[in-house]
Amino acid sequence: MSKTKRENQPKLIVRNTEIGDIKKIQALYTKSYPDVPPYSASQIKGHIQQFSRGQFVVLFEDEIVGFCATCILPEKLAFSKHSWDSITGGGYASRHDPNGDWLYGVEVLVDADMHGNRIGQRLYNERKQLCMDLGLKGIVFGGRLPNLAKRWKQAGSAENYIEQVQQKKFRDPVLGFQLRHGFEPIGVLPQYFPADHASLGFASHMVWKNHKYVEDLPSKATKQRGRVEQTVRVSIVQYQQRKVASFEEFAKQVEYFVDVVADYKADFVLFPELFTLQLLSIENQEIPASEAIETLTQYTAPLKELLSRLAVSYNINIIGGSHPTRDEEGNILNICYVCLRDGSIHQQAKIHPTPNERYWWNIEGGNESQTILTDCGPIGVMICYDSEFPELARHLTDQGAEILFVPFCTDERQSYLRVRYCSQARAIENQCFVVMAGNVGNLPNVANMDIQYAQSCILTPCDFPFDRDGIAADTTPNVEMVAFADLRLEDLREARHTGTVQNLKDRRFDLYSVNWKVIQ
1 MSKTKRENQP KLIVRNTEIG DIKKIQALYT KSYPDVPPYS ASQIKGHIQQ
51 FSRGQFVVLF EDEIVGFCAT CILPEKLAFS KHSWDSITGG GYASRHDPNG
101 DWLYGVEVLV DADMHGNRIG QRLYNERKQL CMDLGLKGIV FGGRLPNLAK
151 RWKQAGSAEN YIEQVQQKKF RDPVLGFQLR HGFEPIGVLP QYFPADHASL
201 GFASHMVWKN HKYVEDLPSK ATKQRGRVEQ TVRVSIVQYQ QRKVASFEEF
251 AKQVEYFVDV VADYKADFVL FPELFTLQLL SIENQEIPAS EAIETLTQYT
301 APLKELLSRL AVSYNINIIG GSHPTRDEEG NILNICYVCL RDGSIHQQAK
351 IHPTPNERYW WNIEGGNESQ TILTDCGPIG VMICYDSEFP ELARHLTDQG
401 AEILFVPFCT DERQSYLRVR YCSQARAIEN QCFVVMAGNV GNLPNVANMD
451 IQYAQSCILT PCDFPFDRDG IAADTTPNVE MVAFADLRLE DLREARHTGT
501 VQNLKDRRFD LYSVNWKVIQ
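Residue numbering for the sequence shown is 1 to 520, as defined by the working numbering.
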């Protein structure tokens, strides 16, 4: 009986953060800081996808009662004067550097109702153990001073306040806890988190040194980085628009290309934007634009079933171009369905419809841009015109995306070059791979699809580890064909931190950032 009783007792569990924890983490933040907006889903995904091993939650009876986020930073940055916003890349942990020396504490949250259960101690211990496992020099962070505002008249300065707490003349629950667990203040960070009114925006610059750290440990690089997949094989389909007699005929063409690229062991295949407009040729008559889109939305369910079935049976991740879809509110969105080889289906709506899409087809823009976690790492999708807005690619990169897929549909060379040049810029400024695939051929009786121009390609940053001219692969213009490239994500990560230029690291977080709003 005593054994059964023990088994039924609630358990505290500490584990790494998962995507499914996001809403509960947000609720915990709101409970802890009701006057401060919580982390967005994109920010928490950024933590996980940048450095999954450094994020922790504490569960009690399946509820999250503790949360901890970290990243790795180089010594010079970690010990410089900084704000929370600048050091964390706007809260995304996007300045995470796997080649860094120090573990940086981004956040610790503890449910106030669980005080006395050593939740904070457990999270700090996890940080210390991770630091030692990775062979890092220690832990750095900016710590709150929640009693500073109350003691300001007596203390006169944040520096004096910290000194008084060290001498136990003042009491501070956060700083006192950190001091008891071996952390030492090395200075003050003014305007660290201005919304923290109790701390008057100040933070104590805290350090814990790893006593097991060994300089120039030979095995450190392997131990710290872990195993990285050598290459990701990406394929693109430059798809010819031609008349089809049925959805089944369309499905056979799509399966043909999936079969071909899967035979070459590709990890991803990208189809063009609006490649499903080919289905409008089934009726073999000119249809008004508004009716044409309504007709296409009827194919949404069979298209998703087709792409998902092919992804699983051919063991390949399919980025399914885009397809006009009517949502639950009756709006028509241009949606890319991403079907992974594990059977899951994801979607990304086009954020910026073109003037023609709005005029002819009444297509509206989506409001969310989220990365999609695949077995080859996080990816992002920007549909055609979206690539011409740099904020969108930066938002996806901040969430951890290393490959951005751009299905496009352009009618003539100038339109195509706008997408091509902007996609190349996105690859350079975000130090990521950008993959493009477009349509060729004609559909005479389909409005706004009379002619097509495309030269599909796979683009890279422009630096020594990458292909000449920043082009890993491209196609012959206006010819139906496929192309492949093997992308080394390890080269990408190294370039971000040690390249000739380091666009992501060298951003001026003290001057600008991308602030993505959540529209309900």
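No residue lacks a Cβ here, since even glycine has one placed at the ideal position from N, Cα and C. Since this is a predicted model, take the numbers as computed values, not measurements.
### Task
Evaluate contact between the stretch 404-412 and the stretch 99-107, counting only Cβ atoms and requiring at least three cross-stretch pairs below 8 Å.
no
### Query
Starting from Ser313 and walking both ways along the beta strand (DSSP E), at which residues does that stretch end?
Residue mapping note: residue 313 aligns to position 313 of the sequence shown, counting from 1. Careful: Ser313 lies outside any beta strand (DSSP E), inside the alpha helix (DSSP H) at 300-313.
### Query
Among residues of its own chain, excluding the 5 on either side of Leu396, which ones have a beta-carbon nearer than 7 Å to its beta-carbon?
As a first step, residue 396 must be located in the sequence shown, where it is residue number 396. Ser369, Thr371, Gly380, Leu404, listed in sequence order.
### Message
Assess contact between the stretch 449-466 and the stretch 251-269, defined as three or more Cβ pairs (one per stretch) separated by less than 8 Å. Is contact present?
### Response
no
### Three-state class that DSSP yields for Lys60 in the structure shown
Here residue 60 refers to the residue found at position 60 when the sequence shown is read from its first residue. For the record, residue 60 in the displayed sequence is Phe; it is not Lys. In this structure, Phe60 counts as strand in the three-state DSSP scheme.
### Task
Please check the pair Phe202 and Leu145, which I expect to be a contact at CB under 8 Å, by giving their CB distance rounded to whole angstroms.
By one-based count along the sequence shown, residue 202 stands at place 202. By one-based count along the sequence shown, residue 145 stands at place 145. With 8 Å as the limit, Phe202 and Leu145 qualify as a contact, their Cβ atoms being about 6 Å apart.
### Query
Hey, would you say Ala495 sits closer than 8 Å to Gln431, going by beta carbons?
Reading the sequence shown from its first residue, position 495 is the one you call residue 495. Reading the sequence shown from its first residue, position 431 is the one you call residue 431. Yes, these two residues count as a Cβ contact at 8 Å.
### Task
Can you check DSSP and say which residues form a bridge with Glu239?
Within the sequence shown, numbered from 1, the residue matching residue 239 stands at position 239. It should be noted that the sequence gives Tyr, not Glu, for residue 239. Answer is Asn439.
### Message
So within the stretch 94-151, which uninterrupted alpha helix (DSSP H) runs reach at least 4 residues, ignoring any that extend past its ends?
### Response
119-133
### Task
Kindly indicate the opening and closing residues of the beta strand (DSSP E) around Val188.
Position 188 of the sequence shown holds residue 188. Looking at the DSSP string, the run of the beta strand (DSSP E) that includes Val188 is 184-189.
### Query
Around the Cβ of Leu134, are there at least 16 other Cβ atoms within 10 angstroms (buried) or fewer (exposed)?
One-based indexing of the sequence shown puts residue 134 at position 134. Taking all protein chains in view, the Cβ of Leu134 is crowded by 16 or more other Cβ atoms within 10 Å, so the residue is classified as buried.
### Query
Among residues of its own chain, excluding the 5 on either side of Ser86, which ones have a beta-carbon nearer than 6 Å to its beta-carbon?
Position 86 of the sequence shown, counted from the start, is the residue given in the question as residue 86. These residues qualify, in order along the chain: Phe509, Asp510.
### Task
Run the CB neighbour count on Met481, radius 10 Å, all protein chains shown included, and call it buried at 16 or more, exposed below.
Position 481 of the sequence shown, counted from the first residue, corresponds to residue 481. By the 10 Å Cβ count, Met481 comes out exposed.
### Query
When the Cα atoms are used, what is the spatial distance from Glu18 to Glu364?
For this step, residue 18 is matched to residue 18 along the sequence shown. For this step, residue 364 is matched to residue 364 along the sequence shown. Straight-line Cα distance between these residues: approximately 32 Å.
### Query
Are the stretch 354-364 and the stretch 286-298 touching by the rule of at least three beta carbon pairs closer than 8 Å?
Note that the stretch 354-364 touches the stretch 286-298; at least 3 beta-carbon pairs, one per stretch, sit closer than 8 Å.
### Query
Is there at least one non-hydrogen atom of the ligand NAD closer than 7 Å to the beta-carbon of Phe60?
Although the ligand NAD was asked about, the structure shown includes no ligands whatsoever.
### Query
To which residues does DSSP link Lys209 through a beta bridge?
In the sequence shown, residue 209 corresponds to position 209, counting from 1. BP columns for Lys209 point to Gly138.
### Message
For the beta strand (DSSP E) containing Arg420, name the first residue and the last one.
### Response
One-based indexing of the sequence shown puts residue 420 at position 420. No beta strand (DSSP E) holds Arg420; the alpha helix (DSSP H) holding it covers 413-429.
### Query
Using a Cβ-Cβ cut-off of 8 Å (strictly less than) and excluding sequence neighbours within five positions of Ala221, which residues of its own chain qualify?
As a position in the sequence shown, residue 221 is number 221, starting the count at 1. The predicted model places Ala221 with a pLDDT of 39, which falls under 50 and marks its position as unreliable, so this point remains unresolved.
### Query
Just reading off the alpha helix (DSSP H) that His395 is part of, what are its end residues?
As a working note, residue 395 is residue 395 in the sequence shown. Counting along the chain, the alpha helix (DSSP H) containing His395 begins and ends at 390-398.
### Own chain partners of Asn331 with C-beta closer than 8 Å, once the 5 adjacent residues on each side are dropped
On the sequence shown, position 331 is the one that residue 331 refers to. Glu364, listed in sequence order.
### Query
Starting from Gly320 and walking both ways along the beta strand (DSSP E), at which residues does that stretch end?
Position 320 of the sequence shown, counted from the start, is the residue given in the question as residue 320. Its beta strand (DSSP E) spans residues 317-320.
### Query
Short check: CB of Pro355 to CB of Asn334, under 8 Å?
The residue given as residue 355 occupies position 355 in the sequence shown. The residue given as residue 334 occupies position 334 in the sequence shown. Not closer than 8 Å, so no.
### Query
For Ala195, is the classification buried or exposed, using 16 other Cβ atoms within 10 angstroms of its Cβ as the cut-off for buried?
Within the sequence shown, numbered from 1, the residue matching residue 195 stands at position 195. Burial call: exposed.
### Query
Whose C-beta lies closer than 6 Å to the C-beta of Pro390 among residues of the same chain, with five residues either side of it excluded?
Within the sequence shown, the letter at position 390 stands for residue 390. If we look at Pro390 and ignore the five residues flanking it on each side, it has no Cβ neighbours.
### Message
Taking the beta carbon of Asp398 as the centre, do at least 16 other beta carbons fall within 10 Å, making it buried, or is it exposed?
### Response
On the sequence shown, position 398 is the one that residue 398 refers to. With 16 or more other Cβ atoms from the protein chains shown falling within 10 Å of its own Cβ, Asp398 counts as buried.
### Task
With DSSP collapsed to three states, give me the class of Ala550.
Outside the displayed span of the chain (1 to 520) sits residue 550, for which this structure offers no information.
### Query
Quick one, are the C-beta atoms of Pro272 and Tyr239 less than 8 Å apart?
Numbered from its first residue, the sequence shown carries residue 272 at position 272. Numbered from its first residue, the sequence shown carries residue 239 at position 239. Result yes, Cβ atoms of Pro272 and Tyr239 sit closer than 8 Å.
### Task
Select from Ser246, Phe268, Val207 the residue whose C-alpha is nearest the C-alpha of Val232.
Along the sequence shown, read from residue 1 onward, the residue named residue 232 stands at position 232. Minimum Cα distance to Val232 is reached at Phe268.
### Message
Out of Lys23, Trp208, Tyr161, Phe170, which one is the CA nearest neighbour of Val188?
### Response
Translated into the one-based positions of the sequence shown, residue 188 becomes position 188. When each option's Cα is compared against that of Val188, the closest is Tyr161.
### Message
Quick check: the Cα distance between Asp491 and Gly89, rounded to an integer number of angstroms?
### Response
One-based indexing of the sequence shown puts residue 491 at position 491. One-based indexing of the sequence shown puts residue 89 at position 89. Their backbone Cα atoms lie some 22 Å apart in a straight line.
### Query
Of the residues Phe141, Ile72, Tyr104, Val108, which one's Cα is nearest the Cα of Ile64?
Sequence index remark: in the sequence shown, residue 64 carries index 64 (1-based). Closest by alpha carbon: Val108.
#### Entry: Terminal residues of the alpha helix (DSSP H) in which Leu296 lies
Indexing the sequence shown from 1 puts residue 296 at position 296. Segment 289-297, the alpha helix (DSSP H) holding Leu296.
### Task
Counting only the same chain and skipping the five closest in sequence on each side, list residues whose C-beta sits under 8 Å from that of Phe247.
In the sequence shown, counting from the first residue as 1, residue 247 sits at position 247. Here the set comprises Leu279, Ile282, Tyr299, Pro302.
### Query
Where does Tyr337 sit, in a helix, a strand or coil, going by DSSP?
Here residue 337 refers to the residue found at position 337 when the sequence shown is read from its first residue. Three-state DSSP puts Tyr337 in a strand.
### Task
Whole angstroms is fine: what's the gap from Gly400's alpha carbon to Gly156's?
On the sequence shown, position 400 is the one that residue 400 refers to. On the sequence shown, position 156 is the one that residue 156 refers to. C-alpha separation (whole angstroms): 42 Å.
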